[in-house]
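Here my numbering is used: the first residue of the sequence shown is 46, the next is one more, and so on.
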Amino acid sequence: METLLLLSKPIRFLLALLFELGVKVRNILFDYNLLPSETFNVPVIAIGNITVGGTGKTPHTEYVLKMLSQQMHVAVLSRGYKRKSKGFQLGDEHATATLLGDEPFQMFRKFPQVTVAVDANRRRGIRNLLRIHTEDPIGAIVLDDAFQHRFVKPTVNILLVDSHRLITEDALMPYGRLREPASNKKRANIVIVTKCDRSLQPIDYRLIQKKLSLFPYQTLYYTTYGYEALYPVFPQYVTIAAITPDELASKNLLIVSGIANPDFMIEFLSSHAKTLETISFLDHYAFKKKDYDTIQKAFEELNHDKYVVVTEKDAARLYSDPLLPEELKPYIYALPIAVEFINNQDQVFNHQIISYVSKN
């Protein structure tokens with residue numbers, strides 16, 4: 046086994062060099078207009094990352110949607126990762142997580158005032174959105190997970206960076222977790238360092254800023270996560286509309302997660318709940334009957350006053366899953382994430398985004 050590990054490291058390094066070559070060639074083709082980047086007559090906000098794994102794209106996308114939808118008709122376009130459908134799909138009364146994907150369906154349920162669509166071809170998706178909404182024009186389109194999608198030239202490019210794994214201290218796949226060289230952060234107008242610990246001091250933020258080495262035209266923000274009251278995934282089964290964090294002190298919880306990194310959620314709930322058990326699955330995991338059997342057995346072993354807690358992304362998947370046991374539904378609650386800007390920079394960020402949108 047040790048020999049295999051020794052062999053795997055140089056092999057992964059070689060593959061990373063080949064991957065870097067391919068990425069550089071692709072970006073050069075875009076930089077010199079040999080591959081076209083299309084501009085649209087509607088403001089486009091691209092939100093994405095350079096790192097594989099969770100940097101908080103969905104919570105930050107939701108933050109922007111919530112903020113902008115108070116000002117105008119806004120749409121969000123995602124590729125719909127791991128959905129079962131093909132081509133362009135618009136969120137409507139027939140929408141499910143299977144048709145839209147987990148995150149888009151989550152946003153569709155959460156923001157009824159926002160137009161939600163999916164299409165792997167973002168240019169086609171934007172054209173369809175503009176064609177469909179001629180009577181109620183779209184004021185801005187948010188592209189989810191689109192930092193590498195250079196076929197669309199955004200009005201503003203927002204790059205998310207995990208505070209626990211800075212892109213300048215990482216390496217390209219498969220040696221590291223970068224999708225492209227960290228130097229390509231230059232395409233971003235705004236950089237947000239996410240998942241910051243609340244214990245960080247001013248000197249820590251200055252060190253992060255120094256390590257990232259941004260350009261003068263780039264604005265840097267720091268965010269962390271807050272959690273709101275838990276709400277029932279199946280409200281028709283319950284009488285308790287919400288459970289606040291303070292009310293968890295008497296509750297016995299089973300956390301079921303199928304996300305890239307549930308650590309923040311587990312840490313938060315462990316500091317509030319009476320007892321806590323966890324069952325973790327891979328990101329975007331499709332639950333099977335045997336998984337529900339495992340979940341149900343673990344839930345039955347908890348003491349009274351107990352609940353199953355899931356992420357909103359997992360809730361989107363559970364909502365229309367016919368395999369989910371009926372007897373579990375009254376006890377399943379979702380824990381919503383709220384993005385919080387460090388040093389009360391939310392108003393500055395909001396103003397900057399609205400300025401970008403209003404100028405175009």
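The beta carbon of each residue, even a glycine, is placed where N, CA and C say it ideally should be. Since we're looking at a predicted model, the values are computed, not measured.
Contact criterion: CB-CB distance below 7 Å. Does Glu-180 meet it with respect to chain B? In the displayed structure, chain B is absent; only one protein chain is listed.
Nearest-angstrom Cα separation, counted from Arg-124 out to Arg-167: In a straight line, the C-alpha of Arg-167 is about 7 Å away from that of Arg-124.
On the CB-based measure, 16 or more other CB atoms within 10 Å of its CB, does Tyr-77 come out buried or exposed? Tyr-77 is exposed by the Cβ-count criterion.
What span of residues does the alpha helix (DSSP H) with Asn-395 cover, start to end? 391–403
For the alpha helix (DSSP H) containing Thr-239, list its first residue and its last residue. Unbroken run through Thr-239 is the beta strand (DSSP E), 235–239; no alpha helix (DSSP H).
Can the beta-carbon of Leu-449 be found less than 7 Å from the beta-carbon of Val-121? The chain is shown only over 46 to 405; residue 449 falls outside these bounds and no answer can be derived.
With three or more C-beta pairs closer than 8 Å as the rule, is the stretch 128–146 touching the stretch 383–398? no
How about Ala-287 and Tyr-276: are their beta carbons less than 7 Å apart? Going by C-beta atoms, Ala-287 is nearer than 7 Å to Tyr-276.
Where DSSP assigns a beta bridge to Gln-37, which residues make up the other side? The structure shown does not extend to residue 37, since the chain is modelled only from 46 to 405, so the question has no answer here.
Taking the straight line between their C-alpha atoms, what separation do you get for Phe-344 and Lys-351? 8 Å
If I measure Cβ to Cβ from Leu-50 and keep anything under 8 Å in the same chain, skipping five residues before and after, which residues do I get? Any answer about Leu-50 is weak, because its pLDDT of 36 lies below 50 and its placement is not dependable; what the coordinates show is given next. Here the set comprises nothing.
So for Ala-383, helix, strand or coil by DSSP? Of the three classes helix, strand and coil, the one that applies to Ala-383 here is strand, per DSSP.
Please state whether DSSP places Gly-303 in a helix, a strand or coil. coil
Provide the residue span of the alpha helix (DSSP H) that contains Ile-253, from first to last. It spans 247–257 - the alpha helix (DSSP H) in which Ile-253 sits, taken as one unbroken run.
So if DSSP puts Lys-351 in a beta bridge, which residue, or which two residues, is it bridged to? Asn-297
Alpha helix (DSSP H) segment containing Ala-360, residue limits: First-last of the alpha helix (DSSP H) with Ala-360: 357–363.
Validate contact between the stretch 215–226 and the stretch 234–243 using beta carbons, cut 8 Å, 3 pairs: no
Taking the straight line between their C-alpha atoms, what separation do you get for Tyr-364 and Val-159? 20 Å
Taking the beta strand (DSSP E) that Leu-205 belongs to, which residues open and close that run? 201–207
For Tyr-262, which three-state DSSP category applies? coil
Cut-off 8 Å between Cβ atoms - residues of its own chain near Arg-57, not counting five sequence neighbours on either side: Excluding positions up to five away in sequence, the list reads Pro-219 and Tyr-220.
If you draw a straight line from the alpha carbon of Gln-397 to that of Arg-176, how long is it in whole angstroms? Roughly 28 Å between the two C-alpha positions.
Is it buried or exposed for Ile-73, if we count other Cβ within 10 angstroms and need 16 for buried? So Ile-73 counts as exposed.
Pull up the DSSP beta-bridge partners for Pro-277, would you. Tyr-378
List the whole-angstrom C-beta distance separating Gly-27 from Lys-127, where the pair is believed to meet the contact cut-off of C-beta under 8 Å. With the chain represented from 46 up to 405, any question about residue 27 goes unanswered, as that position is not in the structure.
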